[in-house]
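This is the structure we're talking about:
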């Protein structure tokens with residue numbers, strides 16, 4: 004049981020580190036001034052292309068918008084702001100790691116599982132929201148992919 008708990012803690016830490024890496028890459032893309040539509044969807048939580056176009060102006064043919072960090076920050080939904088909050092996530096991960104250390108010393112798995120479940124619940128909510136955003140824009144994403152493929156095909160010939 005303890006090894007399973009340590010595995011969960013390790014997965015949680017790995018997932019959080021990878022998420023931070025993805026978030027940094029997305030914000031760097033915004034800082035460059037040309038953010039792709041997928042990046043804007045993930046940062047703002049707005050799935051609809053028309054809504055993004057309304058907020059940020061018309062994109063170029065490859066669906067890159069000219070944006071600033073301030074514009075993106077202002078357009079973020081409440082759910083996305085809450086779920087991307089590092090001031091919530093880091094203490095939860097720290098709590099899970101401390102629970103793991105406590106379990107290694109004390110060996111009280113029931114209370115440790117409860118402590119470790121809290122960050123996992125937060126991560127599950129975050130992943131669920133991301134999946135919901137992607138499901139809401141699935142058709143638009145498929146259309147955008149076809150348009151980009153046609154542009155690449157036309158440029159190749």
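In the numbering used here, the protein residues as written are 4 to 160.
For each residue, glycine too, the CB sits at the ideal point set by N, CA and C.
To the nearest angstrom, how far is the alpha carbon of residue i from that of residue j?
i: residue 79; j: residue 126; result: 19 Å
i: residue 144; j: residue 48; result: 15 Å
i: residue 22; j: residue 77; result: 21 Å
i: residue 68; j: residue 36; result: 8 Å
i: residue 65; j: residue 157; result: 13 Å
i: residue 93; j: residue 46; result: 19 Å
Sort out for me which residues DSSP pairs residue i with in a bridge.
i: residue 38; result: 68
Report the residue from the options whose alpha carbon sits nearest the alpha carbon of residue i.
i: residue 16; options: 129, 101, 96; result: 96
i: residue 142; options: 57, 61, 53; result: 53
i: residue 14; options: 100, 137, 71; result: 100
i: residue 3; options: 74, 39, 104, 87; result: Outside the displayed span of the chain (4 to 160) sits residue 3, for which this structure offers no information.
i: residue 11; options: 122, 129, 108; result: 122
i: residue 70; options: 132, 55, 81, 84; result: 55
Under a three-way DSSP split, which group does residue i fall into?
i: residue 50; result: coil
i: residue 62; result: coil
i: residue 24; result: helix
i: residue 163; result: This structure cannot speak to residue 163, because the chain is shown only from 4 to 160.
Rounded C-beta distance between residue i and residue j? I'm assuming under 8 Å.
i: residue 72; j: residue 34; result: 6 Å
i: residue 8; j: residue 106; result: 6 Å
i: residue 26; j: residue 87; result: 7 Å
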